[in-house]
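Chains as they are written, first to last, in this note's numbering: chain A, 57 to 212; chain B, 660 to 1303.
The structure appears right after this line, and notes come after that.
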Amino acid sequence: MIPEELKKSLQQRVATAVTAREAAVDVMKELQSHYGWLTDEAVGEAAEILGLSTLQVDELATFYEMIYRRPVGKKVIHVCDSISCWCAGFERIMEHLRKKLGVVEGQTTADGMFTVIPCCCMGICGDSPAMTVGGNFYGSVTPEKLDEILEKERKN
Amino acid sequence: MPKLTIDNIPVEVPQGTSVLEAARSVGITIPHFCYHPALAIAAACRLCAVKLLDGPVKGIQMSCSLAAQDGMVVSTTDPEAMKLRSLVIEWLMINHPHDCPVCDEGGECLLQDFTIAGGHGRRRYQGNKRTHMNQYLGEGIYHEMNRCIQCYRCVRFYQEYAGGTDFGVMGSAGRVYFGRFEEGQLESPLSGNLVDICPTGVFTDKTGRFRARYWDYQFSPAVCQHCSVGCNTSPQAFHRELIKIVGRRNDNVNGWFICDRGRFDKEYLNTPLRPRDPMVDGTPCEYEEALAALAARVADLAKVHGPESIVIAGSPRLSLEGALMLTELAEHLKGATLSFYAGPAESEVSLGAVKLLNEQNAATVRDLEGADCVVLYELDLIEEGAMLVPAVRKAAVRGGQVYLVSSGQRTLSKPLPFAYRQVASLDEVIIEGGAKGVVICGAAPRPAEEMAQIASLGAKLMLLQPGPNGFAVGTVALESRAVPLSEVLSSGKVKALLAFEAELPDRLPEGVTLLACADWRASDLAKGAAVFLPTTTWIESDGTAVNFEGRAQHFQRSFKAGLPLKGLDPKYYQHQSPAPLHPPRVPHGEIPGGKERDCWKVVAQLIEKMGGGSMAEPLTGKWGALRDLDPEGGGIRVFGLRDR
């Protein structure tokens, strides 16, 4: 159940959109930040607010990699694996992350802090290899820099 | 009209034709998966690549999404195009499980055909295949997602064509998954078409799993006899068991598809409970014996009480042949009453439609698709004519206004998959001058004044019939002045009821001493008939059906009637006592339970037994023009014949 207040603000967002579908991503992101991930319940609520079927919402939700249809840790680490970052050392970064956190792609650390997910190009190829942690962007990542980033993100 | 050259063959096609269709028109099939003539172009599979050697566009192009233009020189056999196609198939096949031996699609699989046609024969990829969990999609369809090659045909059909919202595509890239949000019965009344439209075996018919292969089937062109729309089907039978029913293309009626009822509702045809033996006073006997007994009893009764005491009853389940033959029987038993409808309401609806419709005002399905305004009058369209739903949807998507006139007596069994305005009465319907309108009426009783109002709207009409062959039977009933059965029976003068595929009342009035039934199904009353004559169904007989818009279509026998081999009682092989240790080793020509005859032939033989002439051809006089109707020719409208 989402609070009435959130529901109202989402309905307002939908009302200002040209088509309800256009507001779907915004609605899903809001619900995700409320629940932590987009639960089945949230999909149902999104469908109701958007006037779509649950399937139609799920079609969109599963398409976007930053909408999480499974529980994730407190902060999600997205590591870009598209062509520029891959050339610039994505695999090295990922390998280091695996070792450091003891998880593989898609898993969450035992303390529930981080979830590691590879992602598509974020449009910052100039700073490759690139990643985001909990929404904060980091470019030109090296294994050494990665240790510092994780330390910092764990504290904040 | 653009002129182009395809593989050195000059082709001229209408403007807007794709190169793929242009090639097909001269007999060249370019392999394709995502392309389907009934769906919008996706160009998703990349398989239909051809090379354009000269003209306005050059190089490798996708032939499904490329419109034919003047001066194009197309090669489908260019080494570069062929190499691309074989690589595309190899790539599409990477995750395919190669489970053809246990897949129901095997033998009728587009993926098999085009993989071979496209030149891919040896797997090079040795890695793991991606796998999926399947979903329960209801009792009609079995889901096997691992076989998917991501052509998007299913989702385009389901959402864009049928207007369903509960089935779609999830995920992205190599993870795309075609299914539902959660397991459960698919909601669209056209969901069964996923079986036909999937190029491989992701969706297979659950009601006919693991029974037979394509080359085992006996099948012929048939016309569905569930409602009066008259969709074209191919019933596939094996060892006298109806395994599957698939859609057959007829652009005049159903396009490529059929509804779930027409596809899955077939148990009543296979059931071992169907009456198979002719019976006289409840004792099984030979057909000739039963016919002779009936002829003798009718003659006796006519002598004592006069032929006026006899009622000959049929129903809209009869073929045109059957209905015409009943008029011959009535002619022979001069004075007997002919009846085609159980009650006056049904009769009025059917005959009213036949009287009102003519070549000009009877709407075709094409008219419906192109209408600016569609009125659904007191009608649950999904229940009464599901295959008209996509046509109305097409009109609505094009911008047509749809009204649902409902006084609230009838509720919709399922929500309609298009936008419409519900109004309480016809007065609120506005069809602007010059707009193309179509009114669809259900087979519920229609008050005369409202029918007059509908006729005055200036729209074309679709008047659904209360039975599958209502238009043919209604036409015959009108000409032969038939009387509804309940009216005849209530007169109290009836001594004999001869029912041919007729809907019987629950009980007969006092005084009826002879009941004879010829039918492929038997109510409790029919089972107790003095003479019972089993008849064949529409899949086991040849005949003509006329749909609600007056379109005569010929259907052909798919297989010889008889008990399905599956579950056959061993008594059919063990006449001796004690029972033999092995089924017989001598051939015999009899089909177990195969004594049924076509209803019109039963009537003809009865006339013969009663001393009338022999009737070898039921379609005589003006109906003779329908004798050579091509079952695959799309059908012809009968208004010209009827009014002759």
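Yeah, the Cβ is synthetic: ideal placement off N, Cα and C, and Gly gets one too.
Does the beta-carbon distance from residue i to residue j come in below 8 Å?
i: B:I1113; j: B:L1075; result: no
i: B:A1181; j: B:P975; result: no
i: B:V888; j: B:D855; result: no
i: B:C707; j: B:R812; result: no
i: B:N911; j: B:R1210; result: yes
i: B:V672; j: B:M984; result: no
i: B:P1223; j: B:R899; result: yes
i: A:E204; j: A:V189; result: no
i: B:V1056; j: B:L1137; result: no
i: A:G168; j: A:K130; result: yes
i: B:F869; j: B:D763; result: yes
i: B:I808; j: B:H755; result: yes
i: B:V1064; j: B:V1082; result: yes
i: B:P966; j: B:A949; result: no
i: B:A1185; j: B:S978; result: no
i: B:K1152; j: B:L960; result: no
i: B:G973; j: B:V1132; result: yes
i: A:E97; j: A:L66; result: no
i: B:T986; j: B:V1135; result: yes
i: B:K903; j: B:A1021; result: no
By Cβ distance below 6 Å, which residues in the same chain neighbour residue i in space, the five residues on each side in sequence not counted?
i: B:Q877; result: A896, S1217, F1218
i: A:C181; result: S140
i: A:V128; result: W93, T171
i: B:P1143; result: Y1000, G1002, P1003, S1006
i: B:Q650; result: For chain B, the structure presents residues 660 to 1303; residue 650 of chain B sits outside this window and is missing.
i: B:C759; result: G765
i: B:K1073; result: I1041
i: A:C176; result: S138
i: B:D1031; result: G1059, A1094, K1095
i: B:S724; result: I700, A702
Run through chain B and tell me which residues come within less than 7 Å of residue i, C-beta to C-beta.
i: A:E115; result: G827, V828, M829
i: A:F146; result: Chain B residues near A:F146: none, gap ~16 Å exceeds 7 Å.
Interface residues of chain B around residue i at Cβ under 8 Å?
i: A:S221; result: Residue 221 of chain A cannot be examined here, being either before or after the span of chain A that is shown, 57 to 212.
i: A:Q112; result: T824, G827
Whose C-beta lies closer than 7 Å to the C-beta of residue i among residues of the same chain, with five residues either side of it excluded?
i: B:W915; result: A697, G906, R908
i: B:G1226; result: P931
i: B:A1220; result: T1195, E1199, G1253, E1255
i: B:H885; result: R920, G921, D924, P1127
i: B:I687; result: I665, D666, T735
i: B:N929; result: E900, L901, P1223
i: B:R1052; result: G822, P1076, F1077
i: B:M1269; result: A954, V957, A958, H991
i: B:P690; result: L706, C707, R744, F773, A776, G777
i: B:S684; result: V670, V672
i: B:A952; result: V939, V1190
Is there a Cβ of chain C sitting closer than 8 Å to that of residue i, yes or no?
i: B:Y1079; result: The structure shown contains no chain C; the protein chains it does contain are A and B.
Please go through the same chain and pick out, in chain order, the residues whose beta-carbon is closer than 8 Å to the beta-carbon of residue i, but skip the five residues on each side of it.
i: B:E1267; result: S1273, M1274
i: B:D1289; result: H1213
i: B:K662; result: P669, V670, E671, D729, G730
i: A:V113; result: A80, M84, V99, A102, A103, L106
i: B:L1047; result: V888, V1024, L1027, L1040, I1099, M1121
i: B:H802; result: N793, Q794, Y795, L796, G838, V861, F862
i: B:F1207; result: S887, V888, G889, A1012, G1044, M1121, L1122, L1123, Q1124, G1129, F1130
* Asked: Quick one, which residues of the region 821-842 of chain B are near chain A if we go by CB-CB under 7 Å, in chain order?
  -> T824, D825, F826, G827, V828, M829, G830, S831, R839, F840
* Can we say the region 817-824 of chain B touches the region 764-776 of chain B, given the rule of at least three CB pairs closer than 8 Å? -> no
* Asked: Between the region 1089-1105 of chain B and the region 1024-1041 of chain B, are three or more C-beta pairs nearer than 8 Å?
  -> yes
* Give, in chain order, every residue of the region 115-131 of chain A whose Cβ lies closer than 7 Å to some Cβ of chain B. => E115, T118, F119
* To do: Examine the Cβ distances between the region 833-843 of chain B and the region 1150-1165 of chain B and report whether three or more of them are shorter than 8 Å.
  => no
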